[in-house]
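Report on the structure given below.
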Amino acid sequence: MVVRSSGTTTSGGPDDRPVINPAAGVVHRLSERGETLASVESLTGGSLAASIVEIAGVSGIYRGGLVVYATELKAQLAGVPDGLLADRGPVDPDVAVALAEGGRRRCDADWGVATTGVAGPEPQDGKPVGLVFVAVAGPNGTAVRELDLDGGRDRIRSTAVVEALRLLTERIVAAGEVTAGAGR
1 MVVRSSGTTT SGGPDDRPVI NPAAGVVHRL SERGETLASV ESLTGGSLAA
51 SIVEIAGVSG IYRGGLVVYA TELKAQLAGV PDGLLADRGP VDPDVAVALA
101 EGGRRRCDAD WGVATTGVAG PEPQDGKPVG LVFVAVAGPN GTAVRELDLD
151 GGRDRIRSTA VVEALRLLTE RIVAAGEVTA GAGR
C-alpha cells in the first residue's frame, strides 16, 4: 500500500503502527470534545458508517451518513458541484473534499469524512483499480489523502475505511493542538 499526502509517500501513515480499532478512537475523541460526525461514502458503500456505529456510545457523536454510489447522487444528495463531476469524474481529490464538506453541511455535523475511488475489478473512467481518495472536513479546514491500494475489491474497500478513519483521527488531534495552543 502506498499513501500519498501533500506530495509525500509513506507505507501507511504518519507512524506506520498497526491500527487496532480506529473507529473507537474517533468516537472517543469526538465524545471528549463534544463534537459530531457525518460520513459520505462511494466505493465503501456504507462500510465506513458501519464501522463507526458499531462502537458503544456513538449516538452522542454520529449524526448520520450518505452512501452516494451513483455519480449523480454525489451532486443531488451530497452537494458536489455538477461541473466538478463533469470535468473530473467521481474519483478525484476535490470531489472527495466536496463529499466531506457536503456531508458535514447536510448532516449539520462538526466533522465530515468521505471516501471515493475505484475498488475494481475494472478501471473506472480511466482511473486505475486501487486509486482511492479519503477526505475530512472539520473546524480546522479540509484534508485529502490519495491512496494507491493493492489487492482485491474487499481489501481495497476495507483499507479505504481504515485510512479514512486514520486521516480523521489526525485532523481531530491537530484541531485539539490548535485549540490548546490558542489559550497561550
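Quick note: the sequence shown, position 130, residue 130 per UniProt numbering, numbers continuous. All residues carry an ideal CB built from backbone N, CA and C; glycine is no exception.
Measure how close the beta-carbons of residue i and residue j come, nearest whole angstrom, since I'm counting them as under 8 Å.
{"i": "Leu-77", "j": "Leu-66", "result": "5 Å"}
{"i": "Thr-142", "j": "Ala-100", "result": "7 Å"}
{"i": "Gly-79", "j": "Arg-106", "result": "7 Å"}
{"i": "Thr-115", "j": "Leu-48", "result": "6 Å"}
{"i": "Ser-42", "j": "Val-161", "result": "About 12 Å separates the two Cβ atoms, so there is no contact after all."}
In terms of residue numbering, what span does the alpha helix (DSSP H) encompassing residue i cover?
{"i": "Val-95", "result": "93–106"}
{"i": "Gly-83", "result": "82–88"}
{"i": "Glu-72", "result": "71–76"}
{"i": "Glu-32", "result": "22–33"}
Using alpha carbons as the reference points, say which of the options lies closest to residue i.
{"i": "Ala-86", "options": "Gly-25, Ala-100, Ala-174, Thr-71", "result": "Thr-71"}
{"i": "Glu-35", "options": "Leu-99, Val-173, Gly-60, Pro-128", "result": "Gly-60"}
{"i": "Ala-109", "options": "Leu-73, Tyr-62, Val-144, Val-26", "result": "Tyr-62"}
{"i": "Leu-131", "options": "Trp-111, Ile-172, Thr-44", "result": "Thr-44"}
{"i": "Ala-23", "options": "Arg-166, Ser-42, Leu-73", "result": "Arg-166"}
{"i": "Leu-113", "options": "Arg-153, Pro-93, Asp-148", "result": "Sequence check: residue 113 is Val here, not Leu. When only C-alpha atoms are compared, the closest one is Pro-93."}
{"i": "Val-134", "options": "Val-58, Glu-122, Gly-25, Arg-171", "result": "Arg-171"}
What's the gap between the Cα of residue i and the Cα of residue j?
{"i": "Ala-75", "j": "Val-68", "result": "9 Å"}
{"i": "Val-124", "j": "Pro-81", "result": "Here the sequence assigns Gln to residue 124, which means Val is not the residue at that position. Rounded to whole angstroms, Gln-124 to Pro-81 spans 20 Å at the Cα level."}
{"i": "Pro-139", "j": "Leu-147", "result": "24 Å"}
{"i": "Glu-163", "j": "Arg-88", "result": "23 Å"}
{"i": "Arg-153", "j": "Arg-145", "result": "19 Å"}
{"i": "Arg-155", "j": "Ser-39", "result": "20 Å"}
{"i": "Leu-30", "j": "Val-95", "result": "25 Å"}
{"i": "Gly-102", "j": "Leu-168", "result": "16 Å"}
{"i": "Ala-137", "j": "Val-97", "result": "7 Å"}
{"i": "Asp-150", "j": "Gly-126", "result": "17 Å"}
{"i": "Leu-73", "j": "Gly-46", "result": "15 Å"}
{"i": "Glu-54", "j": "His-28", "result": "13 Å"}
{"i": "Arg-157", "j": "Arg-33", "result": "29 Å"}
{"i": "Val-58", "j": "Gly-120", "result": "31 Å"}
{"i": "Gly-64", "j": "Val-118", "result": "24 Å"}
{"i": "Gly-25", "j": "Pro-90", "result": "29 Å"}
{"i": "Gly-183", "j": "Leu-37", "result": "Residue placement at Gly-183 is flagged as unreliable, the pLDDT there being 46, under the threshold of 50; a coordinate-derived value is accordingly withheld."}
{"i": "Gly-13", "j": "Thr-159", "result": "Per-residue confidence for Gly-13 stands at a pLDDT of 45, beneath the threshold of 50, marking its modelled position as unreliable; the derived number appears in the next sentence. If I take the Cα positions, the gap works out to 12 Å."}
{"i": "Asn-21", "j": "Trp-111", "result": "19 Å"}
Terminal residues of the continuous beta strand (DSSP E) containing residue i?
{"i": "Thr-115", "result": "111–117"}
{"i": "Ser-42", "result": "From DSSP, Ser-42 is part of no beta strand (DSSP E); its letter is neither H nor E."}
{"i": "Leu-131", "result": "131–138"}
{"i": "Val-67", "result": "62–67"}
{"i": "Ile-147", "result": "Before going on, a small fix: residue 147 reads as Leu here, not Ile. Note, Leu-147: beta strand (DSSP E), 141–148."}
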